[in-house]
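So the structure is just underneath, and the comments pick up after that.
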Amino acid sequence: MSDPMAYLLRFIEAYSGQDGVRVFRLLLESNKELSYSDIIAETGLDEQTVRRVLYELNELGLVAYRRVQAPEEGRFIYYWSVNSVGINQALLNRKRLALEKLRARLEYELSTVFFVCPEDGLRLSFDEALEHDFRCPKCSSILLQEDRNPYLTPLRNLVEKLSSEVENERRAISS
Ligand SMILES: [Zn+2]
Numbered sequence: 126m127s128d129p130m131a132y133l134l135r136f137i138e139a140y141s142g143q144d145g146v147r148v149f150r151l152l153l154e155s156n157k158e159l160s161y162s163d164i165i166a167e168t169g170l171d172e173q174t175v176r177r178v179l180y181e182l183n184e185l186g187l188v189a190y191r192r193v194q195a196p197e198e199g200r201f202i203y204y205w206s207v208n209s210v211g212i213n214q215a216l217l218n219r220k221r222l223a224l225e226k227l228r229a230r231l232e233y234e235l236s237t238v239f240f241v242c243p244e245d246g247l248r249l250s251f252d253e254a255l256e257h258d259f260r261c262p263k264c265s266s267i268l269l270q271e272d273r274n275p276y277l278t279p280l281r282n283l284v285e286k287l288s289s290e291v292e293n294e295r296r297a298i299s300s
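Numbering (this note's numbering), first residue to last: 126 to 300.
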């Protein structure tokens with residue numbers, strides 16, 4: 126499984142570009158609230174880019190802002206920070222998606238009888254084997270029915286581990 130934070134950064138890059146990743150990382154690593162001018166100074170990005178990127182990250186629920194009225198002229202200053210609940214939610218959603226895929230894979234493995242070529246190990250479902258008259262499409266050897274699926278145990282363990290993680294994290298976020 127790939128690192129969830131690396132996945133999140135790739136997701137941000139796809140949505141908001143390298144500039145999005147820079148601003149997000151800055152907020153994540155500085156671990157405090159930053160104003161527009163702080164972010165502009167730290168990243169060297171122009172104001173328009175910083176505003177666009179923060180708007181996009183906010184849309185994704187990954188950053189949040191606090192609005193403070195400046196003493197002069199009644200204008201507002203925005204203080205930005207990472208939205209850790211939103212990040213955890215995004216990471217959890219990613220994990221949930223991986224779990225769904227693994228579960229579907231497990232169900233498929235459980236529901237299908239496989240045939241395997243004794244020469245080259247090619248593995249075919251029942252339907253595929255039938256289509257080739259139970260001969261290997263590569264070398265024509267007679268296919269043998271696989272007595273035990275070696276993927277089942279590790280796959281089942283992984284699904285169990287992930288589903289308890291997802292359940293614990295879901296509870297932690299919603300409490
Ligand atoms: Zn073969």
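Note that beta-carbon positions come from the ideal geometry of N, C-alpha and C, so glycine has one too.
These numbers were taken from a predicted model, which means no experiment stands behind them.
Sub-8 Å separation of proline 129 and arginine 228 beta-carbons: Position 4 of the sequence shown holds residue 129. Position 103 of the sequence shown holds residue 228. The Cβ-Cβ distance between proline 129 and arginine 228 does not fall below 8 Å.
With burial defined as no fewer than 16 other Cβ atoms inside 10 Å of the residue's Cβ, what is the status of valine 210: buried or exposed? Here residue 210 corresponds to residue number 85 of the sequence shown, with the count starting at 1. When all chains shown are included, valine 210 counts as exposed.
Does the Cβ-Cβ distance between leucine 151 and glutamate 167 come in under 8 Å? Counted from its first residue, the sequence shown places residue 151 at position 26. Counted from its first residue, the sequence shown places residue 167 at position 42. Cβ atoms of leucine 151 and glutamate 167: closer than 8 Å.
Taking the C-alpha atoms as reference points, what is the distance between phenylalanine 149 and asparagine 208? For the purposes of this step, residue 149 is taken as residue 24 along the sequence shown, with counting starting at 1. For the purposes of this step, residue 208 is taken as residue 83 along the sequence shown, with counting starting at 1. Going by the C-alpha atoms only, they are around 10 Å apart.
Exposure of cysteine 264, with buried meaning 16 or more beta-carbon neighbours within 10 Å: For the purposes of this step, residue 264 is taken as residue 139 along the sequence shown, with counting starting at 1. Answer is exposed; the Cβ neighbour count stays below 16.
Phenylalanine 240: buried (16+ other C-beta within 10 angstroms of its C-beta) or exposed? Numbered from its first residue, the sequence shown carries residue 240 at position 115. Classification of phenylalanine 240: buried, given that the 10 Å Cβ count is 16 or more.
Could you name each continuous alpha helix (DSSP H) segment of 4 residues or more that falls completely within the region 203 to 274, going from the start of the chain to the end? With a minimum length of 4 residues, the unbroken runs of alpha helix (DSSP H) contained wholly in the region 203 to 274 fall at 209 to 236 and 251 to 256.
Rounded distance between the beta-carbons of tryptophan 205 and isoleucine 164, thought under 8 Å: Within the sequence shown, the letter at position 39 stands for residue 164. Within the sequence shown, the letter at position 80 stands for residue 205. Going by Cβ atoms, the distance from isoleucine 164 to tryptophan 205 rounds to 7 Å, so yes, they are a contact pair.
Heavy atom of ligand 1 within 7 Å of leucine 269 beta-carbon: As a first step, residue 269 is located in the sequence shown; it is residue number 144 there, counting from the start. Not so, every heavy atom of ligand 1 lies at least 7 Å from the Cβ.
Near arginine 295, which residues of its chain fall below 8 Å by C-beta distance, leaving aside the five closest residues on each side in sequence? Here the question's residue 295 lines up with position 170 in the sequence shown. Excluding positions up to five away in sequence, the list reads Leu217.
Helix, strand or coil for valine 300, going by three-state DSSP, please let me know. In the sequence shown, the residue the question calls residue 300 occupies position 175. Per the sequence shown, residue 300 should be read as serine rather than valine. Residue state, collapsed to three classes: coil.
In the DSSP output, which residue or residues are listed as bridge partners for valine 193? Position 68 of the sequence shown, counted from the first residue, corresponds to residue 193. In the DSSP secondary-structure assignment, valine 193 is bridged to Ile202.
By the three-class DSSP mapping on this structure, what secondary structure does alanine 139 have? The residue labelled residue 139 in the question sits at position 14 within the sequence shown. Alanine 139 falls in the helix class under three-state DSSP.
Using the beta-carbon of each residue, find all residues closer than 6 Å to any heavy atom of ligand 1 and list them in chain order. In chain order, the residues positioned with their C-beta nearer than 6 Å to some heavy atom of ligand 1 are Cys242, Glu244, Asp245, Leu247, Cys261, Lys263, Cys264 and Ser266.
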